[in-house]
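**Student:**
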Amino acid sequence: MTLEKTHGAGWLYGWTAGLAVLSVISSMCITLAIEVIFLLPIYPTMDLWTGVLIGGAVPALLATPMIFALLRLLQKLRHLNVRMRQIAMTDDLTGLLNRRAFMDRAGDKNGRIAEGVGLLLIDVDRFKLINDTFGHASGDMVLVRTAETIREWAGEGSLVARLGGEEFVVLCSSVEAGDTLAIAERIRQEVESGRMLFADHIDVETINIGVACARQGETVNSLLIRADNALYAAKAAGRNRVVPCKEAPPVLNPAEASMPRPPAGQSEPSGCESQLAG
Numbered sequence: 269m270t271l272e273k274t275h276g277a278g279w280l281y282g283w284t285a286g287l288a289v290l291s292v293i294s295s296m297c298i299t300l301a302i303e304v305i306f307l308l309p310i311y312p313t314m315d316l317w318t319g320v321l322i323g324g325a326v327p328a329l330l331a332t333p334m335i336f337a338l339l340r341l342l343q344k345l346r347h348l349n350v351r352m353r354q355i356a357m358t359d360d361l362t363g364l365l366n367r368r369a370f371m372d373r374a375g376d377k378n379g380r381i382a383e384g385v386g387l388l389l390i391d392v393d394r395f396k397l398i399n400d401t402f403g404h405a406s407g408d409m410v411l412v413r414t415a416e417t418i419r420e421w422a423g424e425g426s427l428v429a430r431l432g433g434e435e436f437v438v439l440c441s442s443v444e445a446g447d448t449l450a451i452a453e454r455i456r457q458e459v460e461s462g463r464m465l466f467a468d469h470i471d472v473e474t475i476n477i478g479v480a481c482a483r484q485g486e487t488v489n490s491l492l493i494r495a496d497n498a499l500y501a502a503k504a505a506g507r508n509r510v511v512p513c514k515e516a517p518p519v520l521n522p523a524e525a526s527m528p529r530p531p532a533g534q535s536e537p538s539g540c541e542s543q544l545a546g
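Anchor point for the sequence shown: position 154 equals 422 in this note's numbering, and the numbering is continuous, going up by one each time.
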């Protein structure tokens, strides 16, 4: 079917009627497959786009600058989509991954994480005191510096993110358990060796790090909980230290619940400790 836009007094009526016919054709299942071509030697831009949106094919469009404008628009939209995805995954202040992006990337589609992968949960000491005493700008400076140090010393291939507030996480997927603890200690030392200038006051920044290593079939959430327990132990022990997890892992599924447990009085090694012992 061809809808031809001709010159003369009646062209406007014919064009409007043609669009109406095309609208009906494209709305009915029985006629949806009918091909409609617009022949438009001269056309107002709005009429052309109206026809295209209804469903007409406009060969003349290929010979006009409009196709290039459309391609530029599509390219711009693709760039904007990429940028929006980056913004959605990135912490604005530090440039690290945010919590959502970390959780999406850390595990498989079921949230499981590979056995032996080490996780560092890092918390800045006295951060609330820094904010309250020297202001939020100083607090932001501490977070940015901490993020830079963690990123520099986390090791190649590690996943580094800011979980929120003054808490950071590192997933060391390509190192041994002993190396995970070594990385944690190196990060702690590098942060401590720096000096922070708050107004006219020079201070030392310190951090605590809880370390946990994934067991077979463990989820990212479970690994984070065990690392958080180790982090709590680091704070309770006096701060500015690295502490590996010690508690037995939670039961992950009914099949694991039926596995034999160690005899009474004999503790089962867990987390990084068991792997370091090996």
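For every residue, glycine included, the Cβ atom is placed at its ideal position computed from N, Cα and C. Owing to the predicted nature of the structure, the values given are computational and were not obtained by experimental measurement.
#1: Specify the secondary structure class of T362 as computed by DSSP and reduced to three states.
#2: Check for me: the beta strand (DSSP E) holding G432 runs from which residue to which?
#3: Mark D400 as exposed unless 16 or more other C-beta atoms lie within 10 angstroms of its C-beta, in which case mark it buried.
#4: Per DSSP, which residues does M357 bridge with? Please list them.
#5: Does the segment 402 to 421 touch the segment 504 to 514, meaning 3 or more C-beta pairs lie closer than 8 angstroms?
#6: Would the beta-carbon of E473 fall within 8 angstroms of that of M464?
#7: Assign I455 to one of three DSSP states: helix, strand, or coil.
#8: As a quick exercise: from V350, P512, N366, Y500, pick the residue whose alpha carbon is nearest that of V428.
#9: Short of 7 angstroms in beta carbon distance, which residues of its chain neighbour L439, apart from the five on each side in sequence? Order them along the chain.
#10: Can you grab the Cα-Cα spacing for the pair T292 / L338, in whole Å?
#11: In angstroms with no decimal places, state the Cα-to-Cα distance between K344 and V350.
#12: Assuming E434 contacts F395 under a Cβ cut-off of 8 angstroms, what Cβ separation, rounded to an integer in Å, is found between them?
#13: Answer yes or no: do I477 and R494 have a C-beta to C-beta separation smaller than 8 angstroms?
#14: Use the C-beta contact count for E424: other C-beta atoms within 10 angstroms, 16 or more gives buried, fewer gives exposed.
#15: Going by C-alpha to C-alpha distance, which of S490, V289, R340, F436 sits closest to L364?
#16: Between A480 and A501, how many whole angstroms is the CB-CB distance? I'm expecting something under 8 angstroms.
**Tutor:** According to the structure shown:
#1: coil
#2: Start and end: 427 to 432.
#3: When all chains shown are included, D400 counts as exposed.
#4: DSSP lists no bridge partner for M357.
#5: no
#6: yes
#7: helix
#8: The alpha carbon of V428 has as its nearest neighbour, out of V350, P512, N366, Y500, the alpha carbon of N366.
#9: A374, V385, L387, S426, L427
#10: Looking at the sequence provided, one finds Val at residue 292 rather than Thr. Cα to Cα, V292 sits roughly 26 angstroms from L338.
#11: Roughly 10 angstroms between the two C-alpha positions.
#12: 4 angstroms
#13: no
#14: exposed
#15: F436
#16: About 11 angstroms; that fails the 8 angstroms criterion.
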